[in-house]
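Here the working numbering runs 421 ahead of the position in the sequence shown, where the first position is 1.
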Amino acid sequence: MQTRYGIHPTHFTRLNTQEIRDEYLATGLLQEGRIELLHSHYDRFIFGGAVPTTTPLSLENDDDLRAEFFLERRELGILNLGGAGAVTVDGTRYSMARFDCLYVGRGAREVTFSSSAAANPARFYLNSAPSHAEHPTTHCSQQDANRVELGNKDHANQRVLYQYIHENGIQSSQLVMGFTELLPGNIWNTFPPHTHERRMEVYLYFDLPEDELVMHFMGQPRETRHLAVRNFEAVISPPWSIHSGAGTANYRFVWGMAGENQSFSDMDAAALDEIR
Numbered sequence: 422m423q424t425r426y427g428i429h430p431t432h433f434t435r436l437n438t439q440e441i442r443d444e445y446l447a448t449g450l451l452q453e454g455r456i457e458l459l460h461s462h463y464d465r466f467i468f469g470g471a472v473p474t475t476t477p478l479s480l481e482n483d484d485d486l487r488a489e490f491f492l493e494r495r496e497l498g499i500l501n502l503g504g505a506g507a508v509t510v511d512g513t514r515y516s517m518a519r520f521d522c523l524y525v526g527r528g529a530r531e532v533t534f535s536s537s538a539a540a541n542p543a544r545f546y547l548n549s550a551p552s553h554a555e556h557p558t559t560h561c562s563q564q565d566a567n568r569v570e571l572g573n574k575d576h577a578n579q580r581v582l583y584q585y586i587h588e589n590g591i592q593s594s595q596l597v598m599g600f601t602e603l604l605p606g607n608i609w610n611t612f613p614p615h616t617h618e619r620r621m622e623v624y625l626y627f628d629l630p631e632d633e634l635v636m637h638f639m640g641q642p643r644e645t646r647h648l649a650v651r652n653f654e655a656v657i658s659p660p661w662s663i664h665s666g667a668g669t670a671n672y673r674f675v676w677g678m679a680g681e682n683q684s685f686s687d688m689d690a691a692a693l694d695e696i697r
């Protein structure tokens, strides 16, 4: 498991392009036959991927957690971005179609991932945060997620949000998780931008064609930088940073948050005339 440390926003402005990529961009998260995880010191958030092929994969403990097992003090959100598969939690099997979500509560000892067909494996994207209470393991399909339409064609930001783990959906200690879909002909996400000092966030961009990219914008509103992001790459967004992007084609992205609260609307809008 990789570890990334927190950086003060003033120090962030001194980083060059490669240094920003080294600190905030995560690549190689969804490799076939492997589990890859990254541990961010922002709210102790862990994210990564599990892509089982011919044999199941088990979520192993990591020495950096100083725990008896991975979810001893943590909760876990899982979103399947690939073919059909299953997640087994302490002996109970949950079938996972594409865009199904599974929340696994604190205290679960054994979590394994499997695919129905190795040629079209499930691609499980994982988000984990520290948990102060036990909540039941809960499955949710895309059909049962909370669907929210935002934006308009005139601003090239017409999009649909699917909320799974949130204050009015699957219950958790602090984890919030879902994904956003940009409709054809639209490229902008989360713009006009915002920050939320009470929560960090991670974006995983996916369903982006191989020859396309997203320009992801981050930094304080008056001191922004950018990252060129490809398919299945993720960006860590500190609480003080905006997090928005414009793609060369439409795309989807998973958003996962952890921090002080779970209120999706708790954000500090940045007016366009303030953006630098």
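Positions of the beta carbon are idealized from the N, C-alpha and C atoms, including for glycine.
Please read all numbers here as calculations on a predicted model, not as lab measurements.
Bridge-paired residues (DSSP) for residue 422: DSSP lists no bridge partner for residue 422.
Rounded straight-line distance, which links the Cα of residue 676 to that of residue 460: Taking the CA atoms as reference points, residue 460 sits about 16 Å from residue 676.
One or two residues paired with residue 641 in a DSSP bridge: DSSP, once it has assigned bridges, lists 644 as partnering residue 641.
Cβ-based neighbour list, residue 557, same chain, cut-off 7 Å, excluding 5 preceding and 5 following: Closer than 7 Å at Cβ, skipping near neighbours: 526.
Burial state of residue 578 (16 or more Cβ within 10 Å): Buried: at least 16 other Cβ atoms inside 10 Å.
Segment limits, alpha helix (DSSP H) that includes residue 442: Where residue 442 is concerned, the enclosing alpha helix (DSSP H) stretches over 438-445.
Sequence-distant residues of its chain with Cβ nearer than 7 Å to residue 535 (five each side left out): Within the same chain, Cβ atoms closer than 7 Å to the Cβ of residue 535 are found at 473, 477, 506, 507, the five residues on either side in sequence being excluded.
Closest residue to residue 549 among 697, 482, 651, 641 (Cα-Cα distance): The residue from 697, 482, 651, 641 with its alpha-carbon nearest to that of residue 549 is 482.
Proximity of residue 469 and residue 453 at Cβ, strictly below 8 Å: No, the pair does not count as a contact, with Cβ atoms beyond the cut-off.
CB-CB length for residue 673 against residue 601, believed under 8 Å: Cβ-Cβ separation between residue 673 and residue 601: approximately 7 Å, consistent with a contact (criterion under 8 Å).
Span of the alpha helix (DSSP H), counted from its first residue to its last, around residue 431: Where residue 431 is concerned, the enclosing alpha helix (DSSP H) stretches over 430-433.
Contact check, residue 591 vs residue 559, beta carbons under 8 Å: Yes.
For residue 658 and residue 429, the rounded distance between their alpha carbons: For residue 429 and residue 658, the distance between alpha carbons rounds to 12 Å.
Complete beta strand (DSSP E) runs within the segment 568-617 (minimum length 3 residues, chain order): Counting only runs of at least 3 residues, the segment 568-617 fully encloses the following beta strand (DSSP E) elements, listed from N- to C-terminal order: 580-586, 597-603.
Whole-Å CB distance - residue 581 paired with residue 678, under 8 Å assumed: The pair is not a contact, with the Cβ atoms about 18 Å apart (cut-off 8 Å).
Residue 626 versus residue 670: straight-line alpha-carbon distance, rounded: As the crow flies, the alpha-carbon of residue 626 is around 12 Å from that of residue 670.
Where the beta strand (DSSP E) through residue 517 begins and ends: Note, residue 517: beta strand (DSSP E), 513-517.
Inter-residue spacing [alpha-carbon to alpha-carbon] between residue 517 and residue 666: Near 29 Å, if we compare the C-alpha coordinates of residue 666 and residue 517.
Beta-carbon gap between residue 640 and residue 607 smaller than 8 Å: It is not a contact, given that the beta carbons lie outside the stated cut-off.
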